[in-house]
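Numbering follows our numbering, with no gaps: position 145 of the sequence shown is 145.
Yeah, the Cβ is synthetic: ideal placement off N, Cα and C, and Gly gets one too.
As the structure is a prediction and not an experimental result, all values here were calculated from the model.
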Amino acid sequence: MALRQLVPLVHEELRRIARKCMAGERTGHTLQATALVNEAFLRLDGVKEVNWQNRGHFLAMAARLMRRILVDHARARQYLKRGGGTVRVEFDETSVAALESAPQIVALDDALTALAERDERQSRIVELRFFGGLTVEETAAVLEISPETVMRDWKLAKAWLFGEVSGAG
């Protein structure tokens, strides 16, 4: 199915993902959920020859792109305002609402990048659940693994990420 045909079918879910991603952003953020959806769509539209496997595959890719957009925006803002630096970030299932600043978003992204090098599947699980808002069952379906494996890797990934962002890693 062509991207332009698929988007209207999942538009509300895209907005839900964007709202979840934007929930932790500072008040007055220059990006809004609708703008985030639109930017993700433009980036998805620029990718040619993607064989969308199913709804979950599409939503996972959209969530990943929204994360990248917010991280790119945060990195640019951090670079302009502070010139860099590390920041401690606590990580749990409600952390999206607690991510109030660009340095925290960047720190979490850096930790997720390191996790992907260590264990790609755990990184994907965090991305799908944390940024994409997918359930354990939806995540399992997208990754074609059991819900039990999702839960086991989710717990391990959270513990590892906490150690990384808290400086105890």
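Residue i, DSSP secondary structure in three states
i: V50; result: coil
i: D109; result: helix
i: E138; result: helix
i: E144; result: coil
i: G132; result: coil
i: Q122; result: helix
Test item: CB-CB of residue i and residue j under 8 Å
i: G133; j: I17; result: yes
i: V37; j: R4; result: no
i: A111; j: V165; result: yes
i: L59; j: E13; result: yes
i: W160; j: L115; result: yes
Beta-carbon proximity list for residue i, same chain, < 8 Å, skipping 5 on both sides
i: R152; result: none
Burial state of residue i, where buried means 16 or more other Cβ atoms lie within 10 Å
i: S146; result: exposed
i: Q122; result: buried
i: A62; result: buried
i: L42; result: exposed
Cβ contact check for the region 124-131 and the region 33-47: 3 or more pairs under 8 Å: no
Meets three-Cβ-pair contact criterion under 8 Å: the region 66-74 and the region 101-121: yes
The region 134-152 / the region 51-63 touching (three or more Cβ pairs under 8 Å): yes
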